[in-house]
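S.K.: According to my numbering, the stretch in the sequence shown is residues 19 to 574, in order. Where is the CB? At the ideal position from N, CA and C, for every residue including glycine.
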Amino acid sequence: MRLSFRHHHRATPADPDASSALPPASTSPPSPPPADGTPPRREANTHASPSDAPDPFDPYADPFVRPGFGAPLEREAEPPPRSLFGEILDWMLAPLLLLWPMSIAVTYLVAKSIANGPFDRALETNTYVLAQQVHSDRGQVTLTLPMPARDLLRADATDNVYFQVLGAKGELVAGTAELPLPHEDERAQPGVVQFRDENLGGNDIRVAFTYVDLPRMAPPGSMALVQVAETLDKRSQLANEIIKGVILPQFVILPLAIVLVWFGLSRGLAPLHALQEHIRARRPDDLSPLEARQAPPEIAPLVGSLNDLLGRLEQNMKLQQRFIADAAHQLKTPLAGLRMQAELALRQTSPDELRRSLSQIAVSSEQAARLVNQLLALARAENSANDAAAFTPVNLSVLARSAMQDWFQAAFAKRIDLGFEEPPFPVHLSGQPVMLRELLNNLIDNAIRYTPPGGKVTVRLRHEASDGFVHLEVEDTGPGIPVSERPRVFERFYRILGSDSDGSGLGLAIVREIVQIHRGDVSVLDHVDAQHPEATGTLIRVTLPLADAPIENPHA
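In structure tokens:
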């Protein structure tokens, strides 16, 4: 038989160069299995290029295993996750502990400002009193302050008090000559007291000064300088007392605040602990949704996500349970048949009867293997429904041609004309290549099994640019499917009564699962052969959405 991939062309078994369409067979014989029954060893590919990527469907491919089954590569150690309680506590206490020294500094500055107020007013009063005692007589500046008053001015049990009176020419009239003079830019109006900070003999002092107008002195506008100064001991003591009054209560308040924050966080995180205990107390098989109405709004999305996860887990467990039940039910009969045939073969004494029994065993084992493969394919299709990462751009034309090559020998053995029709441009869609190939294999396998010898099977790709879908059709000239049976042929293990095929009833169920994964549709129609209108076959049509990228038609 010859299969041609020319557009809208069918090859027949009468083509003279049929052998050229078949893939070349290997000339080297296969290696015999070991005599002890051990599985054959996989040969290492010593000529693989460095760019060869590991096969994602190879069970032996492990990105953490060195070639040659060496020791696993060391995974990078990840730091343990931080506690949510500790994280929140850190972010609350760290700013508090950082701001506390800043608050002490601000408190000290405020305390100094508060302490300076009353002492500056007292210093200002002394400066006014002293200025009122400055007079000018016959061109001389005098201070009419008795000695007892001067001693009283300097009387202070804590600080040292200094005063100074300078005449119009800067001569010392009375007081301490070492007091620093004010700067020229600090010269004020007569009778106005100003303050400044100075240093005398290595001690910080506070100075109050003012100018006294001398109307009888020449030249006009002459003024005398009056200064009163004191050290800062009383001010420092008062500032320290204020700081102690503010800081000492903070040593009590700060630990209390930490305890209250700790308690508040514990109370705030109590719903999480309650949720943890509720989940831990559940039975392993309890996958019912968690109660989300009593959860705080902050963790309600977490509870919703957990419920979604539990729903998916429950669905997967049901699929696994259904798969195990189906596999146990369907494998029971062929395994029992194999056992009976093997026991019958053990009792045979005639070589011909023994050969016949062994042939039956081979056929039964082939059917059992096909059933197991279909069960595994169905389970893989169900588990691939949520695997969005497996969707890649697929050239459906290339995939269909490649899948048909696997069925040349089966079609040739039944003298079936296997044809393929496709549009003159590639058809692309987004899908799972492995699942789409499984879909094609099941459709072609069903068509060949139910088509009588000498019939026709056609695989066709159709695309119309207006609808945005691609139509994959597999038609045959078999007995057809009655209209009343068509909704049920997609059920698992369902077979039409009176069917003489050795199928398992899983092929179309697998097709439906794969079509649903790809958001498509599958339908069963009648196929009327143009050459034999009286014979009605079956046409299975699969409709799949195309990829987002537009399909370019070079012949448009």
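1. Which value, in whole angstroms, describes the spacing of the CA atoms of L170 and L250?
2. Do you know how far the Cα of F426 is from the Cα of P369?
3. Going by beta carbon distance, what residues of the same chain come within less than 8 Å of L331, once the five residues before and after it are set aside?
4. Considering only C-alpha positions, which residue in the set S375, V128, G496 is nearest to E259?
5. Please classify S420 as buried or exposed, where buried requires at least 16 other C-beta atoms within 10 Å of its C-beta.
6. I'd like to confirm something about T476: is its beta-carbon nearer than 8 Å to some heavy atom of the ligand MG, or not?
7. Should P77 be labelled buried (16 or more other beta-carbon atoms within 10 Å of its own) or exposed?
8. Give the single residue among L524, L543, T495, V492 whose Cα lies nearest to the Cα of V501.
9. Who are R478's beta bridge partners in DSSP?
10. Nearest by alpha-carbon distance to G486: which of Q423, L184, A112, L564 is it?
11. What is the rounded straight-line gap between the Cα of G449 and the Cα of N460?
12. Using a beta-carbon distance below 9 Å, is Q333 in contact with chain B?
13. What would DSSP say about L562, mapped onto helix, strand or coil?
14. Are the beta-carbon atoms belonging to A140 and R253 less than 9 Å from one another?
15. Comparing alpha-carbon positions, which option in P164, V475, Q207 lies nearest P497?
16. Can you say whether Q291 is buried or exposed, counting buried as having 16 or more other CB atoms within 10 angstroms of its CB?
17. Buried or exposed: L114, going by 16 or more other Cβ atoms within 10 Å of its Cβ?
18. Using 8 Å for Cβ pairs, my map puts N464 next to G555. What's the rounded Cβ distance?
19. Rank W118, T143, A527 by C-alpha distance to the C-alpha of L266 and give the top, closest one.
20. Based on Cα-Cα distance, which residue from V492, Q150, A173 lies nearest to T162?
21. For my contact list, V183 and V244 are in at a C-beta cut-off of 8 Å; report their separation, rounded to the angstrom.
22. Just to confirm, are E202 and Q212 a CB contact at a threshold of 9 Å?
23. Give the DSSP-derived three-state secondary structure of R224 in the structure shown.
24. From F82 to M120, what distance separates their C-alpha atoms?
25. Helix, strand or coil: how does DSSP classify T556 here?
26. Ignore the nearest five residues each way along the sequence and tell me which others in S240's own chain have a CB closer than 7 Å to its CB.
27. Closest by CA to V179, which one among V264, E361, G355, D222?
28. Consult DSSP for A387 and reduce its assignment to one of helix, strand or coil.
29. Is L327 near I297, with beta carbons less than 9 Å apart?
30. Go to G282, then tell me how far its alpha helix (DSSP H) extends in each direction, as first and last residue.
31. Out of E316, V540, R530, L107, state which residue places its alpha-carbon closest to the alpha-carbon of G282.
32. Please say whether E456 and I528 have beta carbons closer to each other than 9 Å?
33. Taking all protein chains shown into account, decide if I558 is buried (16 or more other Cβ within 10 angstroms of its Cβ) or exposed.
34. Among residues of its own chain, excluding the 5 on either side of R234, which ones have a beta-carbon nearer than 6 Å to its beta-carbon?
35. Which word fits L562, buried or exposed, when buried means at least 16 other C-beta atoms lie within 10 angstroms of its C-beta?
36. So, at 8 Å on beta carbons, what are the nonlocal neighbours of L417 in its own chain, with the 5 sequence-adjacent residues on each side left out?
M.R.: The short version:
1. Residue 170 sits at position 152 when you count from the first residue of the sequence shown. Residue 250 sits at position 232 when you count from the first residue of the sequence shown. So the two alpha carbons sit approximately 19 Å from each other.
2. On the sequence shown, position 351 is the one that residue 369 refers to. On the sequence shown, position 408 is the one that residue 426 refers to. Straight-line measurement puts the Cα of F426 at about 34 Å from the Cα of P369.
3. Looking up residue 331 in the sequence shown gives position 313. L305.
4. Counting from one through the sequence shown, the residue named residue 259 turns up at place 241. Out of S375, V128, G496, V128 has the C-alpha closest to the C-alpha of E259.
5. Your numbering for residue 420 matches position 402 in the sequence shown. So S420 counts as exposed.
6. Of the ligands one can find in the structure shown there are none, so the ligand MG has no counterpart to examine.
7. Stepping through the sequence shown from its first residue, residue 77 is reached at position 59. Confidence at P77 is low in this model, with a pLDDT of 39, below 50, so its placement is unreliable and no value can be given for it.
8. By one-based count along the sequence shown, residue 501 stands at place 483. Checked all of L524, L543, T495, V492; the closest Cα to V501 is L543.
9. Taking the sequence shown and counting its residues from 1, one reaches residue 478 at position 460. Note: R478 sits in a beta bridge opposite E439, E491.
10. What you label residue 486 is simply residue 468 of the sequence shown in a count that begins at 1. The shortest CA-to-CA distance from G486 to any of Q423, L184, A112, L564 is the one to L564.
11. On the sequence shown, position 431 is the one that residue 449 refers to. On the sequence shown, position 442 is the one that residue 460 refers to. So the alpha carbons of these two residues sit roughly 17 Å apart.
12. Here there is only one protein chain, and chain B is not present.
13. Counting from one through the sequence shown, the residue named residue 562 turns up at place 544. DSSP places L562 in the strand class (E or B) of the three-state scheme.
14. By 1-based counting over the sequence shown, the position of residue 140 is 122. By 1-based counting over the sequence shown, the position of residue 253 is 235. It is not a contact, given that the beta carbons lie outside the stated cut-off.
15. The residue you call residue 497 lines up with position 479 of the sequence shown. The option with the nearest alpha carbon to P497 is V475.
16. Residue mapping note: residue 291 aligns to position 273 of the sequence shown, counting from 1. Correcting the residue identity first, residue 291 is His in this sequence and not Gln. It counts as exposed.
17. In the sequence shown, residue 114 corresponds to position 96, counting from 1. Exposed: under 16 other Cβ atoms inside 10 Å.
18. Numbered from 1 along the sequence shown, position 446 holds the residue referred to as residue 464. Numbered from 1 along the sequence shown, position 537 holds the residue referred to as residue 555. So it is not a contact: roughly 12 Å between Cβ atoms.
19. As a first step, residue 266 is located in the sequence shown; it is residue number 248 there, counting from the start. Nearest of W118, T143, A527 to L266, Cα basis: W118.
20. For the purposes of this step, residue 162 is taken as residue 144 along the sequence shown, with counting starting at 1. Of the listed residues, the one whose Cα sits closest to T162 is Q150.
21. Position 165 of the sequence shown, counted from the first residue, corresponds to residue 183. Position 226 of the sequence shown, counted from the first residue, corresponds to residue 244. 6 Å between Cβ atoms; contact.
22. Position 184 of the sequence shown, counted from the first residue, corresponds to residue 202. Position 194 of the sequence shown, counted from the first residue, corresponds to residue 212. No. Outside cutoff.
23. Walking along the sequence shown from the start, residue 224 turns up at place 206. Of the three classes helix, strand and coil, the one that applies to R224 here is strand, per DSSP.
24. Residue mapping note: residue 82 aligns to position 64 of the sequence shown, counting from 1. Residue mapping note: residue 120 aligns to position 102 of the sequence shown, counting from 1. For F82, the predicted model reports a pLDDT of 42, less than 50, meaning its position is unreliable and no value from the coordinates is stated.
25. Here residue 556 refers to the residue found at position 538 when the sequence shown is read from its first residue. T556 falls in the strand class under three-state DSSP.
26. As a position in the sequence shown, residue 240 is number 222, starting the count at 1. For S240, where only same-chain residues beyond five positions count, the Cβ hits under 7 Å are A186, L232.
27. The residue given as residue 179 occupies position 161 in the sequence shown. Selected option, being the one with the closest Cα: D222.
28. As a working note, residue 387 is residue 369 in the sequence shown. It is helical.
29. The residue given as residue 327 occupies position 309 in the sequence shown. The residue given as residue 297 occupies position 279 in the sequence shown. No.
30. Counted from its first residue, the sequence shown places residue 282 at position 264. Going by DSSP, G282 is part of the alpha helix (DSSP H) stretching over 251-286.
31. Reading the sequence shown from its first residue, position 264 is the one you call residue 282. L107 is the residue among E316, V540, R530, L107 whose C-alpha sits nearest the C-alpha of G282.
32. Position 510 of the sequence shown holds residue 528. Position 438 of the sequence shown holds residue 456. Yes.
33. Translated into positions along the sequence shown, residue 558 becomes position 540. Answer is buried; the Cβ neighbour count reaches 16.
34. In the sequence shown, counting from the first residue as 1, residue 234 sits at position 216. Correct list, in chain order: S154.
35. Looking up residue 562 in the sequence shown gives position 544. Its Cβ being crowded by 16 or more others within 10 Å, L562 is buried.
36. Reading the sequence shown from its first residue, position 399 is the one you call residue 417. The residues are P451, L454, R455, L458.
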